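Every letter in the sequence shown is one number past the one before it in the numbering used here, and letter 132, counting from 1, is 456. Ideal Cβ positions, reconstructed from N, Cα and C, are used throughout, including at glycine. As the structure is a computational prediction, the values presented were derived from the model and not from experiment.
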Amino acid sequence: MPKTDQLTDLSTYSTVAERISLFYKAYPTGRVVTRLVSRNDDETIFKAMVFRNGDDSRPAATGWAAERENDGDINIVACVENTETSAVGRALANLGFTASAKRPSREEMEKVRRHQSKITPRPNVNRALQLQADSTMDLLDLVTQAELHGFSRQRATVIRDAALSSSPPKANRISHLEKRIRFWLKRRTM
325 MPKTDQLTDL STYSTVAERI SLFYKAYPTG RVVTRLVSRN DDETIFKAMV FRNGDDSRPA
385 ATGWAAEREN DGDINIVACV ENTETSAVGR ALANLGFTAS AKRPSREEME KVRRHQSKIT
445 PRPNVNRALQ LQADSTMDLL DLVTQAELHG FSRQRATVIR DAALSSSPPK ANRISHLEKR
505 IRFWLKRRTM
């Protein structure tokens, strides 16, 4: 789904808490580790690492998040906590735990909504071209996520090359590929 159309209904996005619950159901001995990377007067950055087993030495997935102090009501009082939660949500999504058909978490979409309320749209932006670019980026994200779950590197390369070629696939082809990869991922992560 194009990023520019994703703000309609936040209730269709899962929360990070729902993703955490799914993760521990699938990996009861797993663990989630977070690390404060940096914090200054303007910005907080966290990295989250998700391990399928308690004794794994390498994370199965990572996620990063950055939040600005005083950006929206939640970051006025809980910027550190909000950033950490966002990083965990990204790591779990990268491992395939989305808890809904949409990859971003509800918390991430709330952040987007905060930022969009501050931005005035540029009048000369070609909307169709932007939607095509957003769809292509979503497809590339899905291919990367699928590779983490065993999707063939050769197939991934073919899809990436087609998506990034000088004459990329039409929107309906990208949508078709995206649906097929989502279906493939769903079967792999159940």
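Assign residue i to buried or exposed, taking buried as 16 or more other Cβ atoms, counted over all protein chains shown, within 10 Å of its Cβ.
i           : result
residue 427 : Low per-residue confidence applies at residue 427: pLDDT is 46, beneath 50, and the placement is therefore not dependable, though the value from the model is reported in the following sentence. Counting Cβ neighbours within 10 Å, residue 427 comes out buried, since at least 16 surround it.
residue 418 : buried
residue 460 : buried
residue 352 : exposed
residue 467 : buried
residue 462 : buried
residue 474 : exposed
residue 375 : buried
residue 481 : exposed
residue 494 : exposed
residue 489 : exposed
residue 381 : exposed
Name the two residues that bound the continuous alpha helix (DSSP H) containing residue i.
i           : result
residue 362 : Element bounds for residue 362: not the alpha helix (DSSP H) but the beta strand (DSSP E), 355-363.
residue 382 : Run containing residue 382: none; DSSP gives neither H nor E here.
residue 345 : 340-350
residue 507 : 495-513
Does at least one heavy atom of the ligand ATP sit under 7 Å from the Cβ of residue i?
i           : result
residue 359 : Looking at this structure, you won't find the ligand ATP or any other ligand, since it has none at all.
Closer than 6 Å by C-beta to residue i: which residues in its own chain qualify, once you throw out the five before and the five after it? Chain order, please.
i           : result
residue 359 : 371
residue 386 : 373 and 415
residue 369 : 361, 362 and 390
residue 425 : Confidence is the limiting factor: at residue 425 the pLDDT is only 47, short of 50, which leaves the residue's position unreliable, though a coordinate-based value still follows. Correct list: empty, nothing qualifies.
residue 407 : 368, 370, 389 and 391
residue 357 : 373
residue 477 : none
residue 400 : 394
From the DSSP output, read off the bridge partner residues of residue i.
i           : result
residue 387 : 372
residue 392 : 367
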